[in-house]
Amino acid sequence: MATLALPEAQRLPSGPIKKGMSPWQKWGLILLAPYVVVFLVFVLYPVGYGLWLARHPVSYQKLFDDPIFLRSVYNTLAFVIIGINLKMIVALVLSGFFVTARTWIKWLSLLFILPWAVPSIPTILSVRFMLNPEWGLINSLIFRFTQQDGPNWLNDPILALGIAMLMHIWKSLPFWTLILVAGRLAIPAEHYEAASVDGATNWQKFRFITWPSMRTLYLTCTILSMIWTMGDFNSVYLLTGGGPADLTHVLATLGIRYLRLDEVDMSMAAIIVALPAVLPLVYFMMKRLSK
Amino acid sequence: MAMNTWRKAGNEAKLLLIGIPLFIWTMLPIYHLALFAFSSKDEAMGGRLWPDHPTLHNFEVVFKEQHHYLNHFWLQMWNSLFIAVTTGVLTLVVATCAAFAISRLKVRGGRTVMNLALFTYFIPAAFLAVPMYKTMGVYGLLNSQWALILAMTTIAAPYSIWVLKQASDKLPYELDEAAKMDGASPLQLFRLVYLPLMMPSLVAIGTYSLLLAWNEYLYAFLLLSNDRDVTLGVALGNFLAADDSPWELLMTTGLIYALPPAAIYYTFKRYMVGGLTAGAVKS
Chain A
1 MATLALPEAQ
11 RLPSGPIKKG
21 MSPWQKWGLI
31 LLAPYVVVFL
41 VFVLYPVGYG
51 LWLARHPVSY
61 QKLFDDPIFL
71 RSVYNTLAFV
81 IIGINLKMIV
91 ALVLSGFFVT
101 ARTWIKWLSL
111 LFILPWAVPS
121 IPTILSVRFM
131 LNPEWGLINS
141 LIFRFTQQDG
151 PNWLNDPILA
161 LGIAMLMHIW
171 KSLPFWTLIL
181 VAGRLAIPAE
191 HYEAASVDGA
201 TNWQKFRFIT
211 WPSMRTLYLT
221 CTILSMIWTM
231 GDFNSVYLLT
241 GGGPADLTHV
251 LATLGIRYLR
261 LDEVDMSMAA
271 IIVALPAVLP
281 LVYFMMKRLS
291 K
Chain B
292 MAMNTWRKAG
302 NEAKLLLIGI
312 PLFIWTMLPI
322 YHLALFAFSS
332 KDEAMGGRLW
342 PDHPTLHNFE
352 VVFKEQHHYL
362 NHFWLQMWNS
372 LFIAVTTGVL
382 TLVVATCAAF
392 AISRLKVRGG
402 RTVMNLALFT
412 YFIPAAFLAV
422 PMYKTMGVYG
432 LLNSQWALIL
442 AMTTIAAPYS
452 IWVLKQASDK
462 LPYELDEAAK
472 MDGASPLQLF
482 RLVYLPLMMP
492 SLVAIGTYSL
502 LLAWNEYLYA
512 FLLLSNDRDV
522 TLGVALGNFL
532 AADDSPWELL
542 MTTGLIYALP
552 PAAIYYTFKR
562 YMVGGLTAGA
572 VKS
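As they're listed, the protein sequences go chains A and B. Counting in the working numbering, the first sequence runs from 1 upward without gaps. Counting in the working numbering, the second sequence runs from 292 upward without gaps.
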């Protein structure tokens, strides 16, 4: 587990490297070749092709003139800053809950992983129907208890975006909680025992034992989740389809929207515009994980 | 004594105060899915919390393909399975070979390749989708299931290589030395020493890439469009195109589509958790 936070020191290439082409080197190249081919054909070429498609400045001009683009930049920022931080804080709290030794918590943790293991589309559509203003479960219950009509959830851009964030949290919270649980389990129990003897409160234990050893892991997880969430297509597309009136798009769904409108250059330009935000985070992660 | 009991009870209450809402939050969308699947159409739309007359009728309609949205249900199920299994196998082959070459054979340039793979892993998959779609068009692979298989392998491989490399770095180096002293060739070392020792990680990676491919929606719906080629996930998305779709059948199909990955996850859970938390899987 600790690998995410503290990558092991790379073993120096001692031993098997000899002069010339030993059979070990030869086989090494042969075995490495399949992935290199995959990388060249399905990563490098597409990326190069994409950059080439977005080479005209006029694509960017059109992009910045499109109010939907600006709106989706704000939405993506809100998604990443509010949604991800909320998710990670909840995951941090829940990791403390799941390390508590109780049989029923063990069973709950088995169910808790389900959202992550099952495909997005059935569960997101389930939520979408639940929120249907006329016959959905939520508004039916609201009507039964208050005799009032519930809100038209997915027809209000702010509400709809908020629900898309909750959907994202529902789906990926188990995964990040699992990672943070592993981080907590790596802390030696003696530290807590010693603190108990000294009469430390729960808050003090968290503040002076848990947090210092989890800080790096927590930061890494947050950044990784932020990078990936810029590309969270499913939560928005399947829940709102970008609507109402294209007000809930994020960059990932916007790219596909332009593709559908047959404006591939705009689609690529929208992604390239995001790179100045993404690449420094990627660089940070690379430095952390590959020493 | 009494103080202690009170404090214990308070502690339990606090745990329940987290546990109960968490249970409802986690299960509500899944329960709602099942509720629709076991209800008749009128009941499902009635906004009830449980079905008064649970029925298996929807499953019968789906299994017998008795609705025009479901004409190819079994074929699409097979497509999902074929694509997931092939992606799993292909990813395992590519990633295991690469991890062995980088970690054990210390091939020159191995570190660069590892870094390139990591870089690919960090780029959001949705950002790569549009270029990948255009490229598959150039290669003439659009609407072929191999386009999806190759795309999913490309996405699953970097994380797989990284996890396998981490695991294989932990194997004692003396094993290789001993094998070499006995005159083993690199391939013998790979087959007789490396693969058996790596088995738990290989199971985790195989399961991970299989689930990734089975659950994928974006790439599947971009790269495949023919009704007879698409996966079950894409078919579900197609339901949405119409306003008068049979929602109860959509939810039934969705429940069926969600069951295999859950079953696979629980079967291989003990490998998954170790392998998963060794790094970070795309969520």
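Using N, Cα and C, we set each Cβ at its ideal position, and we do this for glycine too. Given the structure is predicted, the values throughout are model-derived calculations rather than measurements.
With respect to chain A, the C-beta atom of residue 415 of chain B has a partner C-beta closer than 8 Å. Assigned with DSSP and collapsed to three states, residue 453 of chain B falls in helix. Where residue 204 of chain A is concerned, the enclosing alpha helix (DSSP H) starts and stops at 202-205. About 4 Å separates the beta carbon of residue 59 of chain A from that of residue 269 of chain A, a gap short enough to meet the 8 Å contact definition. The Cβ neighbour count for residue 323 of chain B, taken over all protein chains shown within 10 Å, is at least 16; the residue is labelled buried. Chain-order list of chain A residues neighbouring residue 407 of chain B: 39, by C-beta distance under 7 Å. Closest in C-alpha terms to residue 362 of chain B, from the list B:341, B:495, B:551 and B:544, comes B:544. At a C-beta separation below 8 Å, residue 102 of chain A has these neighbours in chain B: 306. With respect to residue 412 of chain B, residue 464 of chain B sits apart: the two C-beta atoms are not nearer than 8 Å.
Residue 345 of chain B has its alpha-carbon roughly 30 Å from the corresponding atom of residue 106 of chain A. Shortest Cα-Cα distance from residue 440 of chain B to any of B:380, B:388 and B:467 involves B:380. In the structure shown, residue 107 of chain A adopts helical secondary structure according to DSSP, grouped into three states.
In the DSSP assignment, residue 141 of chain A falls within the alpha helix (DSSP H) that extends over 137-146. Distances from the alpha-carbon of residue 221 of chain A to those of A:194, A:131 and A:91 put A:91 closest. If you draw a straight line from the Cα of residue 286 of chain A to the Cα of residue 406 of chain B, it comes to about 8 Å. Within the same chain, Cβ atoms closer than 6 Å to the Cβ of residue 160 of chain A are found at 154, 240 and 248, the five residues on either side in sequence being excluded.
With a contact defined as Cβ atoms closer than 8 Å, residue 467 of chain B and residue 480 of chain B qualify at about 6 Å. With its beta carbon less than 8 Å from one in chain B, residue 105 of chain A belongs to the interface. Contact between the region 489-503 of chain B and the region 378-398 of chain B is present: three or more C-beta pairs spanning the two stretches fall below 8 Å. Residue burial is scored here from C-beta neighbours: residue 189 of chain A has fewer than 16 other C-beta atoms within 10 angstroms and is therefore classed as exposed. Nearest CB-CB separation between residue 267 of chain A and chain B: below the 8 Å threshold. When C-beta distances to chain B are compared with 9 Å, the residues of the region 217-248 of chain A below that value are 220, 221, 224, 225, 227, 228, 229, 230, 231, 232, 233, 234, 237, 238 and 241, in chain order. Its chain contains 522 as the residues whose beta carbon lies nearer than 6 Å to that of residue 370 of chain B, once the 5 sequence neighbours on both sides are disregarded; these appear in chain order. Contact between the region 194-214 of chain A and the region 268-284 of chain A is not established, with fewer than three Cβ pairs separated by less than 8 Å. Taking the Cα of residue 555 of chain B as reference, the smallest distance to any Cα among A:45, A:114, A:74 and A:259 is reached at A:114.
Interface criterion met: the Cβ of residue 50 of chain A is under 8 Å from a Cβ in chain B. Separation of residue 118 of chain A and residue 125 of chain A (C-alpha to C-alpha, rounded to the nearest whole angstrom) is 13 Å. Contact with chain B is absent for residue 77 of chain A, since none of that chain's Cβ atoms lies less than 8 Å from the residue's Cβ.
Residue 417 of chain B is positioned such that its CB atom lies closer than 8 Å to that of residue 509 of chain B. Identification of residues in the region 196-209 of chain A having a C-beta nearer than 8 Å to some C-beta of chain B yields an empty set. Residue state for residue 230 of chain A is assigned as coil, using DSSP reduced to three classes. 336 and 338: these are the residues of the region 330-361 of chain B whose beta carbon lies less than 7 Å from some beta carbon of chain A, given in chain order. Listed in chain order, the alpha helix (DSSP H) elements of length 4 or more contained wholly in the region 431-488 of chain B are 436-460 and 465-472.
In this structure, residue 447 of chain B lies near residue 378 of chain B, with their beta-carbon atoms less than 8 Å apart.
Here residue 184 of chain A has 95 and 99 as same chain residues with Cβ atoms under 6 Å from its own Cβ, once five neighbours each way along the sequence are excluded. Listed in chain order, the positions of the region 112-126 of chain A with a beta carbon within less than 9 Å of a beta carbon of chain B are 112, 113, 114, 115, 116, 117, 118, 119, 120, 121, 122, 123, 124, 125 and 126.
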